Amino acid sequence: MDSAKQEKYKQEIADLKIRLEEAEQLIDAIKAGEVDAFAVNNDNKSEIFTLQSGDYAYRVLVENFSEGAINITDDGLIVYSNKYFHELLRSPYENTVGNSIYHFIHPNSINSFTALLTKALEGKSKGEINLKAGQKSIPVYVSLTSLYPNLPTIGIIVTDLSEKKNNEKILAAKNLELENINRELASFSYVASHDLKEPLRKIQAFSKRILDVEKFSAKTEDYFQRIISAAERMQNLIESLLQFSKANTTELTFEAYDLNKIVEEAKSYLHENIIETQAIIETEHLPVINVVPIQFTQFITNLLDNSMKYSRPQVQPHIKISSKLIDGKKIDHSLADKQKKYHQINISDNGIGFEKQYANKIFELFQRLHGMNEYSGTGIGLAICKKIASNHNGFIIAEGTLGKGSTFSIFIPHE
Ligand code: ADP
């Protein structure tokens, strides 16, 4: 080959090298999303090639958004990963692309990821797994979508759950702390109330004994009587508080129980009262329901007791207990679940009733609508009923008409 020809070929090779370098730079720029259009010099004529603007926008979006995005083949080889993903793994791009996804999956998640991948080959799958970055485990939520037949790959969006899990941990720890404090408080009030009973019994017993053995002036005797009745009120209060703290702390063991039986048990507790007031208690269509029997008996006992206590003077108490199934949609109450059916159990009386405005207030602890001299009581009974209703995943409401009567209704989900 003559030297002129050699010179020409050398020149051509050098030109081709430059064009190859330019082409490589262009490809890198396209990959990095830095160019949207480029010009190619062909036979001294410039031609403009535009990248489809939609594709460009997507590429920039995927590259920059704050979720991991990767593309893998069906045997797990990573063919694309965005910036967020390799930053999440603290692994450079070169280590991520071309490597198997399994390299970055925590050993405890290998099986679940394989299951997700198998499912995704048929369409889509989602789930929580752990990735691994060095010694660290990163909880993530992955959403896999098969890109077949457009691309022979599976697209995966990866959401970092570290912060969420951390917050959950803090919340679980706080809840536990709160539960412990509650338990301590409940056992404190239980023990305190329980221990108060003994000295109180002594006050009552010795006051009575003094009155029995000594002769006092009418005034002194009256003072002693007041001591005895104050101690009696305190005893009632302590009993009610104990019941209230029990309703808060006892373990809830549910049983399918005949409501008729519960009413009979409540009636036997209130036997003397029923005889004294000559109350008529009617029952109608009472079902077998899933309840904590002791608590539900207490519930019915408290309501029957009130219906007799708050009866109108000279009017024989007439109490009706009935039950029906009702659609959650038809209950006008914030706690009613529209998807559920409920047992609605009504206890209605013909007593003194109350004004509408007190319908919620009477369920609060120590709330009473009457003075101690008119009706005895502690203002705890209905608070216990409300607690028992909530222990049964239900709620209680009251309706009253002054001078005519009241109806208390408990709603319990029908499973
Ligand atoms: P207590 O009966 O010890 O006062 P409750 O918590 O059982 O406490 O009841 C709270 C208040 O609700 C009562 O003081 C009374 O004013 C009112 N109440 C309860 N049941 C009835 C009823 N059946 N009829 C009219 N008012 C009632």
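The numbers in full-length UniProt numbering rise by one with no breaks, and the one at position 204 of the sequence shown is 204. Backbone N, C-alpha and C define an ideal beta-carbon position, used for all residues, glycine too. Predicted model, so just to flag it, every value in this text is computed and none were measured.
Counting only runs of at least 4 residues, the UniProt domain "PAS" (54-124) fully encloses the following alpha helix (DSSP H) elements, listed from N- to C-terminal order: 83-88, 93-96 and 110-120. Judged by DSSP secondary structure, Thr249 falls within the alpha helix (DSSP H) whose first and last residues are Ala218 to Thr249. Taking all protein chains shown into account, His271 has fewer than 16 neighbouring C-beta atoms within 10 Å of its C-beta and is therefore exposed. In this structure, His318 has its beta carbon at no less than 6 Å from each heavy atom of the ligand ADP. The stretch 328-341 makes no contact with the stretch 362-379, as fewer than three CB pairs between them are under 8 Å.
For Gly400, the uninterrupted beta strand (DSSP E) run begins and ends at Phe395 to Thr401, by DSSP. Around the beta-carbon of Thr253, fewer than 16 other beta-carbon atoms lie within 10 Å, marking it exposed. Beyond the five residues adjoining it in sequence on each side, Pro287 comes within less than 7 Å, by CB distance, of Leu259, Ser323 and His343 in the same chain, given in chain order. Annotation for Gln344: no alpha helix (DSSP H) segment contains it, though the beta strand (DSSP E) segment containing it runs Lys341 to Ser348.
Remark: the C-beta of Leu196 is outside contact range of the ligand ADP, defined as less than 6 Å to any heavy atom.
For Pro293, the enclosing alpha helix (DSSP H) has its first and last residue at Pro293 to Lys309. Judged by beta-carbon spacing, Phe244 lies within the 7 Å limit of Ile380, meaning their Cβ atoms are closer than that value. The continuous beta strand (DSSP E) containing Gly155 extends over residues Ile154 to Asp160.
Between the ligand ADP and the CB of Ile362, the shortest heavy atom gap is smaller than 6 Å.
DSSP places Tyr375 in no beta strand (DSSP E); its state is neither H nor E. For Asn290, the pairing in a beta bridge is given by DSSP as Ala256.
A residue is called buried once 16 or more other Cβ atoms fall within 10 Å of its Cβ, and Ile18, having fewer, is exposed.
Here Gln25 is exposed. Its C-beta has fewer than 16 other C-beta atoms within 10 Å.
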